[in-house]
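Mind the numbering: the sequence shown is residues 7 to 101 in our numbering, read in order.
Quick reminder that beta carbons are idealized off the backbone N, C-alpha and C, glycines included.
First up is the structure itself, then whatever we jot down about it.
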Amino acid sequence: MLSLLILSTFNANNMRLATKEDASLANLPEELILQIISPFNQGELAKISYTCKRLAFVLEKPLYTSVTQTSWTTLPLFVRSLIDRPELGMCLSMK
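Here it is as structure tokens:
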């Protein structure tokens with residue numbers, strides 16, 4: 007599990023240590039999240055995306071960059087996602 011300790015930026019009133027809520031992966035900038043998750047495979051990315059809405063949003067495009075169709079039963083859901091969100095098709099690379 008990835009543990010983070012983040013110091014908050016200097017505030018004119020005081021400087022404080024971040025709380026556990028502040029030290030969440032989901033609270034990091036999108037660019038940093040994408041760098042952290044870059045070594046993970048698609049299955050791991052999918053599991054991470056289920057943890058919260060923010061990570062699901064950030065990981066949506068990386069999840070669509072490499073798609074392997076393993077089951078015909080999931081194909082209609084996949085096609086529906088592309089119809090509902092055509093911009094995800096721009097990220098798509100089929101294997």
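Following the DSSP letters along the chain, one finds residue 60 inside the alpha helix (DSSP H) bounded by residues 59 to 70. Spatial neighbours of residue 99 in its own chain (CB-CB distance under 8 Å, excluding positions within 5 residues in sequence) are listed in chain order as 71, 72 and 73. Residue range 81 to 90 is occupied by the alpha helix (DSSP H) that includes residue 81. Counting other Cβ atoms within 10 Å of its Cβ, residue 65 reaches 16 or more and is therefore classed as buried. Boundaries of the alpha helix (DSSP H) harbouring residue 52: 48 to 55, taken from the DSSP string.
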